[in-house]
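Note that our numbering numbers the sequence shown so that position 221 is 221, with each residue one more than the last. Notes follow once the structure below has been shown.
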Amino acid sequence: MKRLLIVILVAAAGWSAYWLIGANQLRAAYAGWFEARRAEGWAADYGTLEVNGFPNRFDTGFTDLALADPDTGLAWEAPFFQIMKLSYRPNHVIAAWPERQLVATPRRKYHLQSRDMRASMIFEPETRLRVRRATLTAEALETAPQDMDAPTRMEALTLAAERVPADDEASYRLGLSADGLAPPLPWRRRIDPAGSLPERFDAFSADLTVTFDKPWDRSAVEDARPQPRRIKIALAEARWGRLELQAAGRLQVDAGGVPEGSVTVKARNWREILEMAESGGVLSEGMAETLRDGLGVVAQLAGNPRTLDVPLTFAGGRVKLGPVPLGRAPRLRLR
C-alpha cells in the first residue's frame, strides 16, 4: 500500500511539473507571437494573457485583444478570446469568441454580435500547424456596418472545412449553412417594396471543394492568405419565398485571381430576381433589360419561361450568362 501511494504521489508530481512547464511554454509562445507581429509592423496588443485548466487542459485567455495587419488593412478587436486544448491532445483546439466583436476592412468597420461562437480545429501534429479539419458555429449572429443600425441576421451559422488528402494537401472541402438568414431591413424594402417576400431565406447553403496554392497553416495568418486555384461547386443554393437560385460547376483561377470555366445556374422566377437585382442597384437598368431580352429567348426555347437553366461562363477575363455578356470577371483573391 505504501509503495502504491508513493507511485501515485510521484506520478501526480510528474504530471503537475509537465503541466506547469507546458503552461509556461505556451504563455511564452503566445507572447512571442505577438512580439513578432509587432516587429512586422502590425498592431498586436492584449490586456492580459493567462493559461489555466490544470490538470487536463491548457486554457489560454486573452483580454482586450486587438490585431491589425497593415498589408491587408484587416483588423479585429475583441474584449476577450479563449483558446482551449486538452493537455494530452495538443493538436485539437477549441476557440471561443465573445458576444461582441469589431472587424475592420479597408472599406468599412463592422460590428459582430453572436451567441456561443466557437470553432473546433484539428491540426496536423507538426510546427506548421496545417489544418486537417475545422468547424465554426454561431447562434443568433448579427453583423452591421459601424455607421449603420441595420444588421444582417442569422439564427445559426455553420462553416466547415476538411482537407482532402487524396487530392492535394492544399485541397479542402468547404461547407456553409446559414439558417434563418435575414437581410437588413432597408435593403429588403428597397428590392421588395411590396413586402411580398418573407423576412428570412428558406435556405442559404454551399458545398464546394477548393484547391489553394498552399495549405492553410500558421503562415496564412503570419505571411499571406492561401489563394484559390481550382474551385468545384457541388451545389450552392439560395431559396427565398418563391425565388430559387442554384449553381454548380468548376473554375480554374490563375495567379492574378482571374477565373476560367463554367458554372451552371438554375433560377426559378428569374425575371423577379432580375427586378430585385435592378431595384437593389446590383444591375443597371440597361444591363437588366439586356438580360431580360436575351435570357427570355433562352427560357422560351427551353420550354419553361419561368425557369432558367444556363451556363455562367468565365473566359478571357470576361463573364457572360448564357448568351449575354456581363462584363469583366471578378478577381477571386483573399486579402
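Note that CB positions come from ideal geometry on N, CA and C, so glycine has one too.
Touching by the beta-carbon criterion (3+ pairs, under 8 Å), the segment 120-132 and the segment 87-100: yes
Determine the extent of the alpha helix (DSSP H) in which Val221 is found, giving its start and end residues. 219-222
Endpoints, the beta strand (DSSP E) within which Ser87 is located: Where Ser87 is concerned, there is no enclosing beta strand (DSSP E), given that its DSSP letter is neither H nor E.
What are the partner residues of Ser171, as DSSP defines its beta bridges? Thr211
Could you name the residues of the same chain whose beta carbon sits closer than 6 Å to that of Gly257, not counting the 5 residues immediately before and after it, in chain order? Arg331, Leu332, Arg333
Span separating the alpha-carbon of Arg38 from that of Ile231: 35 Å
Specify the secondary structure class of Leu129 as computed by DSSP and reduced to three states. coil
Anticipated Cβ contact below 8 Å, Gln246 with Glu237, distance rounded: 5 Å
Output needed for Leu112: all residues of its chain with C-beta closer than 8 Å, excluding positions within five of it in sequence on either side, in chain order. Arg100, Gln101, Leu102, Val103, Leu141, Glu142, Thr143
8 Å Cβ cutoff met for Val298 and Pro325: no
Tell me whether the beta-carbon of Asp45 lies closer than 8 Å to the beta-carbon of Met84. no
Using alpha carbons as the reference points, say which of Ala267, Thr313, Gly280, Val282 lies closest to Gly296. Ala267
Could you check the C-alpha separation between Gln342 and Arg189 for me, to the nearest Å? Since the first residue of the chain shown is 1 and the last is 335, residue 342 is not available in this structure.
Start and end of the alpha helix (DSSP H) containing Arg100? Careful: Arg100 lies outside any alpha helix (DSSP H), inside the beta strand (DSSP E) at 100-104.
Residue nearest to Tyr47 in terms of C-alpha spacing, selected from Asn56, Asp69, Glu169, Pro79: For the sequence presented, residue 47 should be read as Gly rather than Tyr. Ranking Asn56, Asp69, Glu169, Pro79 by Cα distance to Gly47 puts Pro79 first.
Nonlocal neighbours in the same chain, by C-beta distance under 7 Å from Thr72, ignoring five residues either side: Arg335
Quick one, which of Asp254, Glu278, Ala134 has its alpha-carbon nearest Asp217's? Ala134
Assuming Ala156 and Gly180 are in contact, meaning their beta carbons sit under 8 Å apart, how far apart are those beta carbons, in whole angstroms? 7 Å
Nearest neighbour of Gly175, chosen from Ala234, Glu124, Asn24 [CA to CA]: Ala234
Please return the same chain residues whose Cβ sits closer than 6 Å to the Cβ of Ala12, not counting the five positions on each side in sequence. The pLDDT assigned to Ala12 is 49, lower than 50, so where the model puts this residue is not dependable; a value taken from the coordinates is nonetheless given after this. Excluding sequence neighbours, Ala12 sits near nothing in its chain.
Should Leu321 be labelled buried (16 or more other beta-carbon atoms within 10 Å of its own) or exposed? buried
Cross-strand partners of Val319 (DSSP beta bridge): Phe314, Gly327
Taking the beta strand (DSSP E) that Leu235 belongs to, which residues open and close that run? 228-240
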